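*Asks:*
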Amino acid sequence: DMKVTQMPRYLIKRMGENVLLECGQDMSHETMYWYRQDPGLGLQLIYISYDVDSNSEGDIPKGYRVSRKKREHFSLILDSAKTNQTSVYFCASRRTGRQNTLYFGAGTRLSVL
Amino acid sequence: QQKVQQSPESLIVPEGAMTSLNCTFSDSASQYFAWYRQHSGKAPKALMSIFSNGEKEEGRFTIHLNKASLHFSLHIRDSQPSDSALYLCAVSGTGGYKVVFGSGTRLLVSP
Numbered sequence: 797d798m799k800v801t802q803m804p805r806y807l808i809k810r811m812g813e814n815v816l817l818e819c820g821q822d823m824s825h826e827t828m829y830w831y832r833q834d835p836g837l838g839l840q841l842i843y844i845s846y847d848v849d850s851n852s853e854g855d856i857p858k859g860y861r862v863s864r865k866k867r868e869h870f871s872l873i874l875d876s877a878k879t880n881q882t883s884v885y886f887c888a889s890r891r892t893g894r895q896n897t898l899y900f901g902a903g904t905r906l907s908v909l
Numbered sequence: 022q023q024k025v026q027q028s029p030e031s032l033i034v035p036e037g038a039m040t041s042l043n044c045t046f047s048d049s050a051s052q053y054f055a056w057y058r059q060h061s062g063k064a065p066k067a068l069m070s071i072f073s074n075g076e077k078e079e080g081r082f083t084i085h086l087n088k089a090s091l092h093f094s095l096h097i098r099d100s101q102p103s104d105s106a107l108y109l110c111a112v113s114g115t116g117g118y119k120v121v122f123g124s125g126t127r128l129l130v131s132p
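Structure, rendered in structure tokens:
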């Protein structure tokens, strides 16, 4: 069964706290993504990972960093979270190939107070 | 940087009508063109994709691509209330890895 799992589903943090969002996939996909979704802005690309320890900035990387030490697992880290990082974060995975589908996790709703 | 824009922002159609959604992109070397559907509170899910100029039909859904016009579209025949969702178009550029999404069209199909 093809699945992308995100944890936690909901998270409330105070401004200045560190945040760790985790994503796992069971399809051995090489490529993984982190997006954030805000009302009226669609999905904005934060980071891409091509495989273990091979990551690249997306369109809005400022304030975020990522870690990928195993192919199945991709983490998004917010060091000293800011209120404008309140959003819904989606992880996706994709088999390498320019025409392949992205599979999304259910999302993490993060509130930074 | 790839720019992807969708129109309209929102749309209300009666059940049984034809729905047309539009997407424009800025990079003529783009290689992956897809529509994703997102029901409220759920994850986006791929609907269909196309890779070369022309038309592709799957059931009630048809996708058109015109690379020269930097435009592709999704048409839904016999729209159903269950089609009510946010529709996102997605495009990837020359390298193929970076997938950029539009801001979405919110569709409501009224019974």
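As given, the protein sequences belong to chains B and U, one line each in that order.
Counting in the working numbering, the first sequence runs from 797 upward without gaps.
Counting in the working numbering, the second sequence runs from 22 upward without gaps.
A virtual CB, placed ideally from N, CA and C, is assigned to each residue, including glycine.
As the structure is a computational prediction, the values presented were derived from the model and not from experiment.
1) With three or more C-beta pairs closer than 8 Å as the rule, is the stretch 875–891 of chain B touching the stretch 30–48 of chain U?
2) Beta-carbon within less than 6 Å of B:V862's beta-carbon, same chain only, minus the 5 sequence neighbours each way: which residues are those?
3) Quick check on this structure: which residue in B:G838, B:D847 and B:W830 has the alpha carbon closest to the alpha carbon of B:P857?
4) With a 10 Å radius around its C-beta and 16 neighbouring C-beta atoms as the bar for buried, classify B:K806 as buried or exposed.
5) Along the stretch 889–900 of chain B, what residues have a CB closer than 9 Å to any CB found in chain U?
6) Closer than 9 Å by beta-carbon distance: list the chain U residues that pair up with B:G820, in chain order.
7) Spatial neighbours of B:K866 within its chain, please: CB distance less than 7 Å, with the 5 preceding and 5 following residues excluded, ordered by chain position.
8) Please list the partners that B:Y846 has in chain U, where partner means a Cβ-to-Cβ separation under 8 Å.
9) If you measure between the beta carbons of U:L107 and U:Q52, is that distance less than 8 Å?
10) What does the Cβ neighbour count give for U:L129, buried or exposed, with the cut at 16 atoms within 10 Å?
11) Could you check how far apart the C-beta atoms of B:T801 and B:G901 are, in whole angstroms? I think they sit under 8 Å.
12) Relative to the C-alpha of U:G75, which residue among U:A67, U:L68, U:F93 and U:S61 is closest?
13) Less than 8 Å separating the beta-carbons of U:Q27 and U:F46?
14) Give the residues of chain U in contact with B:D855, contact being defined as C-beta atoms less than 8 Å apart.
15) Interface residues of chain U around B:T827 at Cβ under 9 Å?
16) Check whether the stretch 813–829 of chain B touches the stretch 883–897 of chain B, taking contact to mean three or more Cβ pairs, one atom from each stretch, closer than 8 Å.
17) Name the two residues that bound the continuous beta strand (DSSP E) containing U:E76.
18) Under 9 Å, CB to CB, which of the residues in the stretch 858–886 of chain B have a partner in chain U?
19) Whose C-beta lies closer than 6 Å to the C-beta of B:R810 among residues of the same chain, with five residues either side of it excluded?
20) By a C-beta neighbour count over all protein chains shown, 10 Å radius and 16 as the cutoff for buried, is U:A89 buried or exposed?
21) Please list, in chain order, all residues of the same chain as B:R905 whose beta carbon is under 6 Å from its beta carbon, the five residues on each side excluded.
22) Who are the neighbours of B:L841 on chain U, taking C-beta pairs under 9 Å?
23) Checking 8 Å against the spacing of the C-beta atoms, do U:L86 and U:I71 come in under that value?
*Replies:* Reading off the structure:
1) no
2) Y843, N851 and L872
3) B:W830
4) According to the sequence displayed, residue 806 of chain B carries Tyr and not Lys. With fewer than 16 other Cβ atoms within 10 Å, it is exposed.
5) R890, T892, G893, R894, Q895, N896, T897, L898, Y899 and F900
6) Per Cβ cutoff of 9 Å: no residues; B:G820 is ~14 Å from chain U at best.
7) V848
8) Y118
9) no
10) exposed
11) 6 Å
12) U:F93
13) no
14) Q22 and V121
15) Y118
16) yes
17) G75 to E79
18) F886
19) L909
20) exposed
21) Y806 and V884
22) K119, V120, V121 and F122
23) yes
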